[in-house]
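J.: Counting from 281, one number per residue, gives the positions in the sequence shown under this note's numbering. Encoded as structure tokens, here's the structure I'll be asking about.
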Amino acid sequence: MKTEQLKIAKAISFIGHPLLTIPLFVAVMMFAFEDFEKALLNSALIIECIFLPLFLRMYIKSRNGTYTNFDVSDGIQRKTLFTFIIPLMVVVTFILFKTSPASNLSLSVLFGTILAIISQIINLFIKSSLHVSLNIYLSALVMTADLRIGIAVFLFSGLIAWSRIALGRHTWKEVVFGSCIGLIISATMLYAEGFLNQLTKP
């Protein structure tokens, strides 16, 4: 592959890294649709209790050589990533359901946790692309606020899939598995949110 294409693939993969896209989305959505105090508390809970510890772990372990790279592209190494992040997500999900039991945010984090658990199980057999599955899931979350931007994020997930293959981090099969996981969880989450909204209508 040409050097220019590799540079483009690296840029797309970096921009589409879930540790960048999802916390950014959480912060924007919280402060756009919630009062300041609630937005600050929920953003801090999700970012500081899930994404910040995960970022630090991935950074430290990729620096000391425990992880081959920051993306944790090795399937065996990725097992320890799942065992680290899933308990954190479960705790945050529990806290959100205790404080906001009927909110779309609680459901979104719940289904994000389910996505991580399913990915962990699938990882026993094939290393599905988390970049792709999580960004497809993110596109579904964005669609609930703005359909056009959500579609744009979904289409960008296709470029992310190409970039992961171009960089040699995933095969087509692994990208397809990641896409399927993202699509199934997204569809289920959107159905659950619609059902919840119907129940809570006055």
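Backbone N, C-alpha and C fix where the C-beta goes; we use that ideal spot for every residue, glycine too.
1. If you draw a straight line from the C-alpha of Ser383 to the C-alpha of Glu328, how long is it?
2. Going by beta carbon distance, what residues of the same chain come within less than 6 angstroms of Phe436, once the five residues before and after it are set aside?
3. Do the CB positions of Val422 and Ser459 come within less than 7 angstroms of each other?
4. Going straight from the alpha carbon of Ser293 to that of Ile365, what length do you get?
5. Identify the continuous alpha helix (DSSP H) that holds His297 and give its terminal residues.
6. Just the Cα atoms here: how many angstroms apart are Leu385 and His450?
7. What is the DSSP secondary structure of Leu447, reduced to helix, strand or coil?
8. Take Leu418 as the anchor and find which of Met309, Val372 and Thr283 has the nearest alpha-carbon.
T.: Let me lay it out:
1. Numbered from 1 along the sequence shown, position 103 holds the residue referred to as residue 383. Numbered from 1 along the sequence shown, position 48 holds the residue referred to as residue 328. In a straight line, the C-alpha of Ser383 is about 20 angstroms away from that of Glu328.
2. The sequence position of residue 436 within the sequence shown is 156, counting from 1. Contacts found: none.
3. Taking the sequence shown and counting its residues from 1, the one referred to as residue 422 is at position 142. Taking the sequence shown and counting its residues from 1, the one referred to as residue 459 is at position 179. No, these two residues do not count as a Cβ contact at 7 angstroms.
4. Numbered from 1 along the sequence shown, position 13 holds the residue referred to as residue 293. Numbered from 1 along the sequence shown, position 85 holds the residue referred to as residue 365. Approximately 21 angstroms, taken between the alpha carbons.
5. Within the sequence shown, numbered from 1, the residue matching residue 297 stands at position 17. His297 -> no alpha helix (DSSP H), and no H or E assigned at all.
6. Taking the first residue of the sequence shown as position 1, residue 385 is located at position 105. Taking the first residue of the sequence shown as position 1, residue 450 is located at position 170. Spanning the two alpha carbons is a distance of roughly 31 angstroms.
7. Your numbering for residue 447 matches position 167 in the sequence shown. Leu447 falls in the coil class under three-state DSSP.
8. The sequence position of residue 418 within the sequence shown is 138, counting from 1. Ranking Met309, Val372 and Thr283 by Cα distance to Leu418 puts Met309 first.
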